Amino acid sequence: MKYRTIADTGIEVSTIGLDMWSLTGPEAAGRDERETLTLLSEAIDLGITLFDTADVHGRGYGEELLARALGRGRSRFVVTTKAGYDFYSNPLLEPDADPAQDFSPSYVRRACEQSLRRLKSDYIDLFYLHFPPWDALESDELFETLDALVREGKVRCFGVAVASDAERLDEGADAIRERRIPAIQIAHNILWQEHARTLAPAGQPGGAPTLLCRVPHASGLLDGTYDARAEYPDADELLQTDLRKLRMLDFLTHETEATIGQVALQFVLAGERVAAALPTVTSADRLREFAAAADMPELDAATLSRIDDLYVSGFGLEEGASERDG
């Protein structure tokens with residue numbers, strides 16, 4: 001495993017992290033808890049130190065499970081969580097329904113305190129605003145609260161988790177730059193690069209935010225789930241377009257023992273400001289495959305240039321790069 005530091009925070013993370021959404025979100029309903037705890041234990045054994053969750057994952061279940069998995073070794077790991085969805089006000093809401101958002105200073109402080117309680121920890125390493133609208137970043141009172149949480153030692157640093165369907169990215173980039181936000185979490189992969197290119201472009205002066213990238217496998221398109229040469233007659237138009245793009249990436253696994261899933265992670269980690277990739281992991285086999293990507297040879301400049309050319313040209317298709325989250 002390799003490790004990188006988030007901006008100038010001094011917080012070091014494993015380049016492959018674990019996204020708890022796939023283990024504790026709505027799609028994980030009915031998953032055996034012992035199996036999940038075993039998976040988390042193996043992740044630790046593989047050198048993974050970064051664990052990403054949100055208070056809304058399982059209405060706090062993701063945080064509670066992490067507390068059990070990390071136990072007394074908490075200080076050896078980096079825990080990131082998020083706040084912004086007020087599930088406390090409507091406890092009867094369906095599990096797969098998004099609660100109303102609240103980025104008021106009082107709510108964010110309350111959410112932080114509740115997350116600390118569930119995590120059984122005195123501090124949160126990285127505390128994200130969870131998919132905030134850009135105008136929320138205009139609130140001086142909100143950032144005074146975040147700064148206060150840092151001074152109180154309850155948060156080591158804060159950041160913004162950007163929604164996959166976020167628009168007005170230029171406006172978002174300005175807001176992030178103005179607030180000197182050290183870390184942003186985005187959905188980023190070979191097929192979807194717009195947020196990285198706009199919010200933290202290559203060559204940006206020092207002080208630009210560090211990226212932590214979820215959905216590096218484009219919701220299964222880049223992890224071997226789909227065979228680019230197979231036919232999927234029931235696939236919708238978007239998936240058919242993505243499969244055509246996937247066929248143009250065959251060269252990535254020629255003359256290498258790496259899987260497409262590992263190459264997809266290497267692409268993300270080649271980003272200038274990327275600290276970590278957060279793949280979706282639901283099995284021990286996937287966990288070992290993805291963790292191994294950290295120690296494989298980096299993608300060479302020619303390969304990265306070819307990927308860039310494909311993306312810029314829309315993969316030779318009329319449609320642009322797809323935008324998928326998961």
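For the sequence shown, the positions run 1 to 326 when this note's numbering is used.
Backbone N, C-alpha and C fix where the C-beta goes; we use that ideal spot for every residue, glycine too.
This structure is a prediction, so every number in the text was calculated from the model and none was measured.
- Per DSSP, residue 69 is one residue of the alpha helix (DSSP H) stretching across 61-70.
- When DSSP states are grouped into helix, strand and coil, residue 259 belongs to the coil group.
- Distance check between residue 259 and each of 35, 288, 243 and 90 places 288 closest, using alpha-carbon atoms only.
- In its own chain, leaving out the 5 sequence neighbours on each side, no residue places its CB closer than 6 angstroms to the CB of residue 239.
- Rounded to the nearest whole angstrom, the CA to CA distance from residue 270 to residue 165 is 24 angstroms.
- Counting along the chain, no beta strand (DSSP E) covers residue 15, and no H or E run does either.
- Residue state for residue 155 is assigned as strand, using DSSP reduced to three classes.
- Counting only residues of its own chain and dropping the five nearest sequence neighbours on each side, residue 158 has a CB closer than 6 angstroms to the CB of 127 and 146.
- Under the DSSP assignment, residue 107 falls in the alpha helix (DSSP H) whose first and last residues are 105-119.
- About 29 angstroms separates the Cβ atoms of residue 231 and residue 266, ruling out a contact at the 8 angstroms cut-off.
- Spanning the alpha carbons of residue 78 and residue 227 requires a straight line of approximately 35 angstroms.
- Residue 221 sits in coil when the DSSP states are folded into three classes, being neither helix nor strand.
- Between the alpha carbons of residue 251 and residue 263 lies a distance of about 11 angstroms.
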